[in-house]
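Taken in order, these protein sequences are the chains called A and B.
Residue numbering for the first sequence follows my numbering, starting at 890 and increasing by one per position.
Residue numbering for the second sequence follows my numbering, starting at 4 and increasing by one per position.
For every residue, glycine included, the Cβ atom is placed at its ideal position computed from N, Cα and C.
Scroll down for the structure; my scribbles are underneath it.
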Amino acid sequence: MDHYPKYRSHLVPRTRDGWIATGAFLVLLALAMPPVTHSLLNRVEPVLAGLPFLYAVLLVIYCALIGVLVWTYGRGV
Amino acid sequence: METWVVATGLIFVYLMASLVLGVVANRKLTVDIEDFLLYGRKAGIFVLYLTVVATYHSAFAFLGSGGFFYVHGIGFWAAGTWTLLVGAITYVLGTRIWALGKRFGYITPADMLADFYESEAVRVAVAVVSVVFTILYIQVQAQGMGYIINVASGGRISFELGTLVLLGVAAAYLMAGGLRAVYWTDVLQGIWMYLAVWIGAVYLAYELFGGPLELWRAVEAQQPELITLPGPRGFFTPGMWVGMTVTLSFGLVMQPHMMLRYFTAADARTMRLLGATTPIYLMTLYIPAALVGLGGAVALPGLANPDTVFPELLFRHAPPWLTGIVLAGATAAAMSTLDSILHANMTVLTRDVYQRYVARDRSQAHYVWVGRAIVMALLAVGYVLSVTRAGFLVTLVTLSGSGALQLLPAVMGVCFPGGRGLTRAGVLAGLGVGLVTLYVTLVVTPHPLGMHGGVWGLLLNCAAALAVSAFTARPSADTVRRVHGEVERFVYGTEEA
Numbered sequence: 890m891d892h893y894p895k896y897r898s899h900l901v902p903r904t905r906d907g908w909i910a911t912g913a914f915l916v917l918l919a920l921a922m923p924p925v926t927h928s929l930l931n932r933v934e935p936v937l938a939g940l941p942f943l944y945a946v947l948l949v950i951y952c953a954l955i956g957v958l959v960w961t962y963g964r965g966v
Numbered sequence: 004m005e006t007w008v009v010a011t012g013l014i015f016v017y018l019m020a021s022l023v024l025g026v027v028a029n030r031k032l033t034v035d036i037e038d039f040l041l042y043g044r045k046a047g048i049f050v051l052y053l054t055v056v057a058t059y060h061s062a063f064a065f066l067g068s069g070g071f072f073y074v075h076g077i078g079f080w081a082a083g084t085w086t087l088l089v090g091a092i093t094y095v096l097g098t099r100i101w102a103l104g105k106r107f108g109y110i111t112p113a114d115m116l117a118d119f120y121e122s123e124a125v126r127v128a129v130a131v132v133s134v135v136f137t138i139l140y141i142q143v144q145a146q147g148m149g150y151i152i153n154v155a156s157g158g159r160i161s162f163e164l165g166t167l168v169l170l171g172v173a174a175a176y177l178m179a180g181g182l183r184a185v186y187w188t189d190v191l192q193g194i195w196m197y198l199a200v201w202i203g204a205v206y207l208a209y210e211l212f213g214g215p216l217e218l219w220r221a222v223e224a225q226q227p228e229l230i231t232l233p234g235p236r237g238f239f240t241p242g243m244w245v246g247m248t249v250t251l252s253f254g255l256v257m258q259p260h261m262m263l264r265y266f267t268a269a270d271a272r273t274m275r276l277l278g279a280t281t282p283i284y285l286m287t288l289y290i291p292a293a294l295v296g297l298g299g300a301v302a303l304p305g306l307a308n309p310d311t312v313f314p315e316l317l318f319r320h321a322p323p324w325l326t327g328i329v330l331a332g333a334t335a336a337a338m339s340t341l342d343s344i345l346h347a348n349m350t351v352l353t354r355d356v357y358q359r360y361v362a363r364d365r366s367q368a369h370y371v372w373v374g375r376a377i378v379m380a381l382l383a384v385g386y387v388l389s390v391t392r393a394g395f396l397v398t399l400v401t402l403s404g405s406g407a408l409q410l411l412p413a414v415m416g417v418c419f420p421g422g423r424g425l426t427r428a429g430v431l432a433g434l435g436v437g438l439v440t441l442y443v444t445l446v447v448t449p450h451p452l453g454m455h456g457g458v459w460g461l462l463l464n465c466a467a468a469l470a471v472s473a474f475t476a477r478p479s480a481d482t483v484r485r486v487h488g489e490v491e492r493f494v495y496g497t498e499e500a
């Protein structure tokens with residue numbers, strides 16, 4: 890019978906920076922997905938910097954997600 | 004000078020520039036199939052970045068997305084989530100695909116999957132899915148281009164002739180310079196389309212409302228249902244939001260013209276930087292699209308075809324030069340995607356079909372010429388498909404993305420070691436179940452229970468692949484050690500546990 894190699898799962902981060910990057914990305918992404926978008930964020934008021942609440946908050950979350958990716962690159966994860 | 008003269012003239016200036024780049028690329032071309040198909044695996048970040056983003060954003064970024072905002076409101080801002088996921092997927096998955104391609108000389112996704120699963124059936128299935136579902140995409144882009152040139156010329160150039168001319172130009176520079184020509188023209192197209200859509204949208208916001216913030220205030224006052232979920236027609240349910248995010252991120256990454264790009268990067272650092280920064284371009288292009296769509300809904304309600312909102316506003320309210328620049332940008336958006344799809348289909352058919360099953364061991368020059376002949380055939384197929392008009396551009400793009408999405412479990416099985424993994428029988432079963440489910444949930448009973456059909460297809464695909472894999476033979480231990488070992492070394496620098 891063939892001897893198959895064993896590898897630790899690549900779906901689970903192995904370093905502290907990996908955990909931070911994965912956790913931050915998933916939490917922020919969850920904030921930009923249902924049910925948050927269709928309940929907490931689903932309103933026009935308060936207007937933020939002249940933009941409707943839903944649009945403005947999502948824009949901030951998207952920018953934060955880009956920040957996580959750039960941080961990840963900078964840390965060499 | 005009349006608007007149509009300026010608009011049509013600027014589109015032809017753009018087309019000439021693309022052809023010149025194709026000719027210059029031809030002079031750099033070596034008689035080498037890897038150079039012709041994969042840019043010699045030496046694309047740097049500047050070229051790779053612009054070709055990736057320009058390829059992602061197609062005719063629908065210009066026309067379909069504005070139309071979606073116009074009809075369904077702010078829900079299309081969900082598009083932001085898929086652009087972010089594309090970055091993360093590129094960072095995590097794209098780098099692995101690059102590493103395996105570099106190490107084992109893969110040219111197509113089918114090369115990679117057939118090698119790992121040790122199956123010619125997998126190769127054929129992947130090649131078929133790659134070609135069938137991206138031909139839909141050729142149709143979308145070609146229709147977009149035909150429409151744009153028809154509008155730009157004020158109806159003087161027919162949709163059919165416009166489609167033929169633009170398809171012909173894309174095929175010409177692709178045949179001349181291979182992927183190098185595609186990449187160089189994508190650089191021009193990526194810059195042009197980004198500037199064009201931003202300048203056009205901001206100009207219209209000031210012209211019609213006095214500025215972007217005033218535009219938002221007008222939408223809130225006059226059509227508040229457009230800036231809350233699920234939109235005036237109830238389209239953006241939670242299930243649809245999640246479904247579009249999944250299909251437009253994983254689904255587009257799985258398309259062959261995107262996976263091929265991962266094989267072309269010069270090094271791993273380039274791939275990681277690409278993943279980290281891709282969303283900056285992709286996401287921010289939807290900001291002006293929202294201005295156009297939502298502003299258009301207020302300023303120009305009742306359009307019979309919402310996809311036309313951007314050009315309609317330009318023709319009514321913008322100077323000719325700006326209309327021309329923006330419409331040329333829209334042409335660039337469509338062509339940058341179209342040329343990539345033509346190239347990917349050519350690559351799959353040349354490498355996975357012709358070189359494998361028709362004529363092995365011919366010269367490199369032979370395969371380059373066969374690739375050119377295949378482009379001509381694809382040009383004819385694309386033209387015939389595109390003169391058969393269809394509805395919403397975005398719906399077609401989503402259907403196309405959902406087909407390629409069914410390759411995800413198989414690709415994950417190659418690129419993510421750990422556990423028992425998938426088998427060739429499992430991958431084929433999953434692909435079959437996924438495609439049948441896709442047909443049922445997109446065509447027969449669209450989006451059951453409010454969930455996008457592509458997600459249903461993926462879920463049942465995964466279930467079938469895992470179930471069948473549990474009882475069937477794995478790839479050989481040597482292959483698992485060779486491929487997964489390479490991934491382990493590339494990502495963590497370690498050997499097996």
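Query	Result
Exposure of Ser343 of chain B, with buried meaning 16 or more beta-carbon neighbours within 10 Å	buried
Cα-Cα separation, Leu191 of chain B to Leu469 of chain B	44 Å
Inter-residue Cα distance where the pair is Thr482 of chain B and Val936 of chain A	57 Å
Limits of the alpha helix (DSSP H) - the one that Phe212 of chain B falls within	Phe162 to Phe212
Beta-bridge pairing of Leu940 of chain A - partner residues as DSSP gives them	A:Leu937
Residue-chain proximity (Arg897 of chain A, chain B), Cβ-Cβ < 8 Å	yes
For Ala368 of chain B, the nearest candidate out of B:Ala380, B:Thr353 and B:Ala337 (CA to CA)	B:Thr353
Where Asp38 of chain B falls, given that 16 or more other Cβ within 10 Å makes a residue buried	buried
Alpha helix (DSSP H) segment containing Gln144 of chain B, residue limits	Glu123 to Ala155
Chain A residues whose Cβ lies nearer than 7 Å to that of Ala91 of chain B	Phe914 and Leu958
Test item: CB-CB of Trp80 of chain B and Thr248 of chain B under 8 Å	no
Separation of Thr497 of chain B from Gly394 of chain B, as counted between CA atoms	With a pLDDT of 49 at Gly394 of chain B, under the threshold of 50, the modelled position of that residue is not reliable, and the figure given next carries that caveat. Spanning the two alpha carbons is a distance of roughly 51 Å.
Rounded straight-line distance, which links the Cα of Gly424 of chain B to that of Phe239 of chain B	35 Å
Pairwise C-alpha distance: Thr287 of chain B and Gly104 of chain B	31 Å
Candidates B:Gly254, B:Gly460 and B:His487, of which the one nearest Val89 of chain B by Cα	B:Gly254
Cut-off 7 Å between Cβ atoms - residues of its own chain near Leu396 of chain B, not counting five sequence neighbours on either side	A caution first: Leu396 of chain B carries a pLDDT of 49, below 50, which makes its placement in the model too unreliable to give a value.
Residues within the stretch 283-299 of chain B neighbouring chain A, beta-carbon criterion of under 7 Å	Ile283 and Met286
Residues that Val933 of chain A contacts on chain B, provided the C-beta gap is smaller than 9 Å	Glu223, Pro227, Ile230 and Thr231
Endpoints, alpha helix (DSSP H) assigned at Asp906 of chain A	Arg905 to Leu920
Within chain B, partners of Arg903 of chain A - CB distance below 8 Å	Tyr495
Three or more C-beta pairs below 8 Å linking the stretch 183-198 of chain B and the stretch 322-341 of chain B	yes
Residues that DSSP places opposite Ala383 of chain B in a beta bridge	For Ala383 of chain B, which the question treats as bridged, DSSP gives no partner whatsoever.
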